[in-house]
Amino acid sequence: MGDIKTYLSEHRQRLLDELFNLLRIPSVSADPAYVADVEATAAFIKNEMKKIGLDNVSIEETPGYPIVYGEKIIDASLPTVLIYGHYDVQPPDPLELWESDPFEPVIKQTDLHPEGAIFARGASDDKGQMYMHLKAVEYLLKENKLPVNVKFMIEGEEEVGSPSLAWYVARNHDKLKNDVIIISDTGMVANDVPAITTGLRGLSYVEVEITGPNRDLHSGLYGGAVANPINILTKMIAGLTDEKNKITIPGFYDKVRELSEEERAAIAKTPFDLEEYKKALDIDAVYGEEGYTTLERQSIRPSLDVNGIWGGYTGEGAKTIIPSKAYAKISMRLVPDQDPEEVPGLFEKYFMQLAPPGVKVKVTNLHGGYPYVTPTDSPGYKAAAKAMKRAFGKDPLPIYSGGSIPIVPLFEKELGSKSILMGFGLNSDAIHSPNEHYGVFNYFKGIETISYFYDFYKKQMI
Ligand code: BES
Ligand code: MN
Ligand code: MN
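Position 312 (the sequence shown) corresponds to 312 in my numbering; numbering is contiguous.
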């Protein structure tokens, strides 16, 4: 019988090797070329759940990628914790910007990670973080110390908007019944500033298509006389924000909850160094909505970004054309109480109005999700805060994150339970970017913290 720290030091190499094996499988959910790998990753998780001793382990088929389920019910009268995570990852491109193979993990030191960080796609988002939960429960089961029931639900479509998870949850209310959901798929402020995420932004994601002439035209014969869809699209995009960097879509801010001075003062207490921030991104100025700080702009204020724009000729050299079509992918991050069912409609109506005669406009709503806020006085939050205090020696800060996990508000609606966002990543982990990494410290500290969570949670509940 040993404590968690002894366990982690005795099994250190194995715990790294196992995670490396998971990271080697390229489970890119967005790209059909990886179908077999995504499925192999589900099989890996299933095998892992069996190995650590979970019961009723199964690959749950869905219209899309499978969900891996496993549970340990020690006593039906005890509270049940549902653990959610995702085994899919973002595409690794642009490949040429990776310093090492995205699917061949390596440990390298960085300024923020003197103990080293694991470089691989999914190391932080979310394989490394999801895997900590399996390892914490592995320890508790081996030591016969699991004090409550656990259910694991690990999905493979988070990075594409969780279409099948919504389908699955709606059909499995009883099976998934729980008292609290814990998720490690977010971040902390710094390795010595632990945090628990109490807010997530929502999302509306649209694709737009502008059509001009029925074919690409010679830009000499027609230039100046016909609307160029790319020129028009860029003007229309420019029209979506004003000189104060406010979004101009009528009605867009109507439901935005303005924070009180106290709430804004609390945000301002989060350690944040603007100079460091700019340096880390190689920018000489920040940019955003007038009247709000950088921390506010990226968490409690909505935003609108073009994620990609294309059309016309982009090959070698010069080709003189007026393209027939132009496209853009546009995401809007939403805050309480904005509604992702409503925002794409507001967008479309206004975007149509921005178009001059001579072009056709098509707007497609790709996917979305609601914003989320969770209170700091729930049993789950309190237990997570105590676990972090024990592991880090410091009380965690509640923080609002700018990212989205659309399934979290849906869990609350469908299952009636709160999600505790106890993430261990850092903003500098480069998730979704080349050279994604996850601190070795964060990996082991995460397992340690999670292992403490369960006892504190049980105490909160009895
Ligand atoms: N784990 C992230 C979300 C996240 C990261 C939240 C860090 C807070 C802090 C998740 O995998 C993600 O990338 N979500 C997407 C939304 C999804 C619908 C593609 C996002 O936020 O862009
Ligand atoms: Mn994630
Ligand atoms: Mn992600």
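Backbone N, C-alpha and C define an ideal beta-carbon position, used for all residues, glycine too.
The alpha helix (DSSP H) enclosing residue i, as first and last residue numbers
i, result
"residue 310", "Residue 310 -> not in any alpha helix (DSSP H); beta strand (DSSP E) instead, spanning 303-311."
"residue 294", "294-297"
"residue 261", "261-268"
"residue 238", "229-238"
"residue 345", "343-354"
"residue 171", "163-171"
"residue 280", "274-281"
"residue 250", "Residue 250 -> no alpha helix (DSSP H), and no H or E assigned at all."
"residue 472", "Residue numbering for the chain in the displayed model covers 1 to 462; residue 472 lies beyond these limits and cannot be assessed."
"residue 133", "127-142"
"residue 41", "35-52"
"residue 413", "407-415"
Per-residue burial, residue i [other beta carbons within 10 Å of its own, 16 or more giving buried]
i, result
"residue 200", "buried"
"residue 470", "Nothing in the structure corresponds to residue 470, since the chain is present only between 1 and 462."
"residue 138", "buried"
"residue 404", "buried"
"residue 170", "exposed"
"residue 443", "buried"
"residue 257", "exposed"
"residue 76", "exposed"
"residue 243", "exposed"
"residue 399", "buried"
"residue 272", "exposed"
"residue 376", "exposed"
"residue 269", "exposed"
"residue 86", "buried"
"residue 352", "exposed"
"residue 467", "Any property of residue 467 remains undetermined from this structure, which presents the chain solely from 1 to 462."
CB-CB length for residue i against residue j, believed under 8 Å
i, j, result
"residue 66", "residue 156", "6 Å"
"residue 54", "residue 152", "7 Å"
"residue 188", "residue 426", "7 Å"
"residue 428", "residue 280", "7 Å"
"residue 296", "residue 333", "At roughly 13 Å, the Cβ-Cβ gap does not stay under 8 Å, so residue 296 and residue 333 are not in contact."
"residue 336", "residue 371", "5 Å"
"residue 211", "residue 360", "4 Å"
"residue 241", "residue 304", "7 Å"
"residue 22", "residue 103", "Actually they do not touch by this definition, with Cβ atoms about 11 Å apart."
Residue range of the beta strand (DSSP E) that includes residue i
i, result
"residue 3", "That residue, residue 3, is in no beta strand (DSSP E); it is neither H nor E in DSSP."
"residue 316", "Looking at the DSSP string, residue 316 is not in any beta strand (DSSP E), and its letter there is neither H nor E."
"residue 108", "106-108"
"residue 439", "437-439"
"residue 368", "360-369"
"residue 334", "325-334"
"residue 463", "Lying outside 1 to 462, the shown extent of the chain, residue 463 is not represented and no answer is given."
"residue 376", "Run containing residue 376: none; DSSP gives neither H nor E here."
"residue 152", "149-155"
C-beta neighbour in chain D for residue i, strict 8 Å
i, result
"residue 333", "Among the chains in the structure shown there is no chain D, since it carries only a single protein chain."
Does the segment 180-189 come within contact of the segment 419-426, defined as at least 3 CB pairs closer than 8 Å? yes
Beta carbon nearer than 6 Å to a non-hydrogen atom of ligand 2: 86, 125, 126, 158, 185
With contact counted as at least three CB pairs below 8 Å, one residue from each stretch, are the segment 185-199 and the segment 282-295 in contact? no
Within the chosen definition, does the segment 237-256 reach the segment 338-350 through at least 3 CB pairs nearer than 8 Å? yes
Under 8 Å: do the segment 429-436 and the segment 272-286 share three or more Cβ pairs, one atom per stretch? no
Check whether the segment 357-374 touches the segment 321-340, taking contact to mean three or more Cβ pairs, one atom from each stretch, closer than 8 Å. yes
Would you call the segment 140-150 and the segment 158-176 in contact, with 3 or more CB pairs under 8 Å? no
Touch check for the segment 213-222 and the segment 381-399: three-plus C-beta pairs under 8 Å? no
Stretch-stretch touch, CB-based, cutoff 8 Å, three pairs: the segment 92-109 with the segment 393-407: no
Take every Cβ of the segment 318-334, pair it with every Cβ of the segment 201-212, and state whether three or more of those distances are shorter than 8 Å. yes
Between the segment 305-324 and the segment 224-235, do three or more beta carbon pairs fall short of 8 Å? yes
Is the number of C-beta pairs between the segment 114-123 and the segment 10-25 that are closer than 8 Å three or more? yes
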